[in-house]
């Protein structure tokens with residue numbers, strides 16, 4: 001079967017080359033017919049899984065269309081050649097050809113097709129070079145936005161945002177999510193705006209920017225229905241726990257279904273969110289014992305003391321110790337000079 005398809009492809013190549021020849025009675029190559037034969041050859045080679053030969057056939061088809069001023073069809077052929085390079089695991093070369101096709105679509109006045117090609121290029125390179133994929137998705141979003149196809153644009157911004165979060169480019173991720181949120185607000189998809197606010201807050205908290213996180217929530221008050229939503233209630237609890245350094249409260253919110261069933265990249269942000277300084281943990285109950293000097297009671301007292309002074313800087317204790325030492329020195333001097341009964345005559349007792 002494969003050999004038959006290869007022979008079929010070679011026959012079409014031979015016909016295409018014949019159409020390109022000139023002679024005494026044929027002064028101009030027949031580019032249109034040659035392009036048709038090259039296209040048939042490419043399909044035959046592709047079916048035989050001879051991707052190198054298929055790529056060459058698509059490339060020659062594209063050149064024939066260019067010579068015939070059929071730029072849209074040339075772009076299609078370049079795009080197909082790029083997909084053959086993808087099958088050959090030559091991803092960077094594939095993206096270059098698909099980008100070239102996209103530019104030709106734009107020049108030919110078909111921006112929608114250009115955007116679809118850029119999206120395809122992003123998918124090709126996403127797992128190999130996420131930074132390049134982000135750039136391609138942002139370009140795609142811009143093309144759709146210029147054409148006022150906002151739903152397609154916001155989908156592309158969403159892809160870029162998730163890759164930015166995955167790559168820990170959190171400053172850029174915050175800006176990208178804000179673009180998403182603005183578009184969803186414009187198209188009146190308010191519930192998704194709520195979800196984007198959660199994503200924003202998680203990103204800002206991972207940036208250790210509590211002020212920006214709180215500002216996101218306040219700015220969302222203008223979105224219809226936000227303050228009555230479960231998203232708002234959860235965010236208030238999250239910010240309260242983070243501000244009070246209560247790790248248990250933060251973890252409870254981030255482990256709720258509302259957060260866990262977000263896009264995977266944002267769910268991971270929630271699960272890995274820690275409060276500054278390690279936060280506080282709830283004390284575990286201690287079983288009562290009959291004697292107050294038992295190990296459990298001693299441990300409990302130790303824990304209570306730890307909790308009481310948790311977060312107090314060591315310099316506080318150093319200063320307190322110095323004050324006590326100074327007082328002891330003063331008392332010793334007074335006793336040696338005035339005696340126990342003469343303290344009322346001391347300078348401090350007058």
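In full-length UniProt numbering, the protein residues as written are 1 to 350.
Beta carbons: idealized from backbone N, C-alpha and C, even for Gly.
Apart from sequence neighbours up to five positions away, the residues of its chain that approach residue 97 with a beta-carbon distance below 6 Å are 78, 81, 82, ordered along the chain.
The C-beta distance from residue 203 to residue 174 rounds to 5 Å, short enough to fall under 8 Å. Between residue 258 and residue 234 the beta-carbon gap is near 5 Å, inside 8 Å, which marks them as a contact. Secondary structure within the segment 256-281: the alpha helix (DSSP H) runs of 4 or more consecutive residues, fully enclosed, are 257-260, 264-271 (chain order). Counting along the chain, residue 111 sits inside the alpha helix (DSSP H) bounded by residues 111-125.
By a beta-carbon distance limit of 8 Å, residue 250 does not contact residue 271. Their separation comes to about 11 Å.
Looking at the DSSP output, residue 131 bridges to nothing. Counting C-beta pairs with one atom in each stretch, the segment 42-50 and the segment 16-26 have fewer than three that are closer than 8 Å, which means they do not touch.
Secondary structure note for residue 186: its alpha helix (DSSP H) is the uninterrupted segment 170-186. For residue 216, the closest alpha carbon among the candidates 229, 177, 165 is that of 177. Residue 104 and residue 5 have their C-alpha atoms spaced approximately 31 Å apart.
Cβ atoms of residue 150 and residue 187 come within 8 Å of each other, at about 5 Å.
Contact annotation: the segment 123-137 does not touch the segment 221-232, with fewer than three C-beta pairs closer than 8 Å. Assignment of residue 30 by DSSP, reduced to helix, strand and coil, places it in the coil class.
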